[in-house]
Each structure stands twice: as C-alpha cells, then as structure tokens.
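Engineer:
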Amino acid sequence: MDLRREPLSEVQLRVLGVLVEKQLATPDSYPLTEKALLAGCNQSTNRDPVVSYDTTVLRPALIRLRERALTRRVLRAGERAEKHAHRLDEQLQLSSTAPLAVLAVLLLRGAQTPGELRARTQRLHPIADAAALEAALAELRDRGLAEQLPRRPGEKQARWRHVLGGDAATAAPTASDDAARTGPSPLPGGRDGGDEPGNGAGPSEPATPSTAGEGDASVTELAAAVRALTRRVAALEQALGLPDPSSSSDDTV
C-alpha cells in the first residue's frame, strides 16, 4: 500500500501513532475508546508537538482513516463503548514489530536521531542494538515510509523522519505550524455508530461517501486551526500589553 499517493493529515498521523503506541505499550487497554484515543492524542508526554484536539477534529480524521482502510471500529459483545484499532500492520506488511514501533515513534515525535529513536522505542518494543535499529530504519526507508535528513551543523547523527504526510507536514515545525496543530480544549468523547464486531455482533458502519468524508475532515481541521491561531494571537497581545482592537478608536490625539 502506497500511502504517499495521498499524504495523511497531521491529525490522521497522530491518531495512527497513538493507536500503534497503545497497542504495543498497553495491550490490555487496546483497542481504544474515542475518549482514550483523544487523551492519547493530547497527552503531554512522548509527543512533539503537544496538541489539544477535540472530537470535532478527531472524528473526521477517523472517518477518513477508515475509508482508507487504515483503522477500524470494534464493538465487542458485552461492551457498551465502541473502540478503535489501527490496520497499519495489515496494510504495510512489515517484516516484524520493530519497524512498526519505530514508525510509531516517528509519527508521535517527528524527526529524531538514531540514538533518540532507539531509546524512545524501547518502551514499545525492545531494540537489541544499533544494528537492529539500522535494520528497522532501512526497511522503512526501502518501503518509502521514512527518510534520512541531511546532517545539520554540530550534529553527531543525522535525523530520520517519516514521509507519510508530505514535505509540508513532516518539515521542522514553526510557530505558525504549531498554532495550526492546536485545536480547542478536549471535550468528552461521544459515539458515532458501530462498525466491526469483535467477539460478538454489533451494528454495521453506515456508508459514507469518500469525497464527503474527506471534505468534512479538511474543513473541520482548518476551522480548528483558525480558532487556535486566533486564541494564540489574543494571548500574545495580552502578554505584550497591547490594547484590544475592538475597543480602540480610529482617531488618535
């Protein structure tokens, strides 16, 4: 499966990274409810950047991921809340868990050196030595999932990054990019229908036109970015002691 034909949005990338992380780190609590998935996206540890999504941002991303067969919904017998699982292992068919774990860390924390990647991947899957990490990175590179960046002045190791979001989404973050990543404060999750039964029967997922789901996701994510940027500008103006434009007069004495 070539994910580069249609780059994933930053919200979609964060969702996939969280699902893989939780599957490997806390398998007893996987798949994830919407509430748990939202908390995983917004957590402040092991994330770069730290974001603040709400369900209006999360749900359209999940719809698009399901349309692309990258996630699925699970409703097991005896459970009231539906849950979400990734399908990256099925779609990518990587040789082992190691490259999948490394990819998850790249999705969650951006470009990193091999030393950083090995240390941060250990909690998801043991990486025996530097050679094992190099093998995992080489597989991701050969599959078109990651690339090595040019070494920057003063760096001992060149960094690696995933390439699932296109050049714009995987470039080094700027202040404006950080604002665009941040949505409103998290709200309690809610249900949006059933999909795939686990150990028992559950309601089937209603058909959603591909173009409509993609458009809704783009508009919702853009609206969240605008709201976040507006709040950041207002906070900056307040911190600098600038007057409120809405209360100032056009005439100056």
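Anchor point for the sequence shown: position 111 equals 110 in numbering that gives the first Met the number 0, and the numbering is continuous, going up by one each time.
Beta carbons: idealized from backbone N, C-alpha and C, even for Gly.
None of the values given here were measured: they were computed from a predicted structure.
1) Do A137 and H161 come within 8 angstroms of each other at the CB atom, strictly closer than that value?
2) With distances taken from CA atoms, which of H83, T25, R79 is nearest T32?
3) Can you tell me which of the three DSSP states L23 falls into?
4) Which stretch, first to last residue, makes up the alpha helix (DSSP H) that contains E145?
5) Starting from A84 and walking both ways along the beta strand (DSSP E), at which residues does that stretch end?
6) Assess, as a yes-or-no matter, whether the stretch 43 to 50 is touched by the stretch 61 to 69 under the definition of 3 or more beta carbon pairs within less than 8 angstroms.
7) Run the CB neighbour count on Q111, radius 10 Å, all protein chains shown included, and call it buried at 16 or more, exposed below.
8) For the alpha helix (DSSP H) that contains V73, what are its first and last residues?
9) If you draw a straight line from the C-alpha of D53 to the C-alpha of G153, how long is it?
10) CA-CA distance, E213 and A60?
11) According to DSSP, is L31 part of a helix, a strand, or is it coil?
12) Whose CA, out of A80, L23, L148, lies closest to the CA of L99?
13) By Cβ distance below 6 angstroms, which residues in the same chain neighbour R13 in space, the five residues on each side in sequence not counted?
14) When the distance is taken between beta carbons, is V17 closer than 8 angstroms to V56?
15) Quick one: is R72 buried, meaning 16 or more other Cβ sit within 10 Å of its Cβ, or exposed?
16) With C-beta atoms as the reference, is L139 less than 8 angstroms away from V104?
17) As an exercise, report each continuous alpha helix (DSSP H) stretch of at least 4 residues that is fully enclosed by the stretch 57 to 142, in chain order.
18) G165 and P6: beta carbons closer than 8 angstroms?
19) Leaving out the 5 sequence neighbours to the left and right, which residues in its chain are closer than 8 angstroms to D88 when beta-carbon positions are compared?
20) Exposed or buried, what is R4 when buried is set at 16 or more other beta-carbons lying within 10 Å of its beta-carbon?
21) Which same chain residues, not among the five before or five after R86, have their C-beta less than 8 angstroms away from its C-beta?
22) Compare the Cα-Cα distances from K21 to each of L116, R75, L107 and report the closest residue.
23) Measuring straight from C-alpha to C-alpha, what distance separates A134 and H124?
24) Would you mind working out which of L2, A80, S8 sits nearest K34, comparing C-alpha positions?
25) Quick check: the Cα distance between S28 and R122, rounded to an integer number of angstroms?
26) Have a look at G143 and D128 and give me their C-alpha separation to the nearest angstrom.
27) If you draw a straight line from the alpha carbon of I126 to that of G77, how long is it in whole angstroms?
Structural biologist: In brief:
1) no
2) H83
3) helix
4) It should be noted that the sequence gives Ala, not Glu, for residue 145. Not the alpha helix (DSSP H): A145 falls in the beta strand (DSSP E), residues 145 to 147.
5) 82 to 85
6) no
7) buried
8) It is not in any alpha helix (DSSP H) - V73 instead sits in the beta strand (DSSP E) that spans 70 to 74.
9) 39 angstroms
10) Confidence is the limiting factor: at E213 the pLDDT is only 47, short of 50, which leaves the residue's position unreliable, though a coordinate-based value still follows. Going from the Cα of E213 to the Cα of A60 covers about 8 angstroms.
11) strand
12) L23
13) C40
14) no
15) buried
16) no
17) 87 to 91, 96 to 108, 113 to 120, 129 to 141
18) yes
19) L99
20) exposed
21) A68, L69, T70, R71
22) L107
23) 14 angstroms
24) A80
25) 16 angstroms
26) 23 angstroms
27) 37 angstroms
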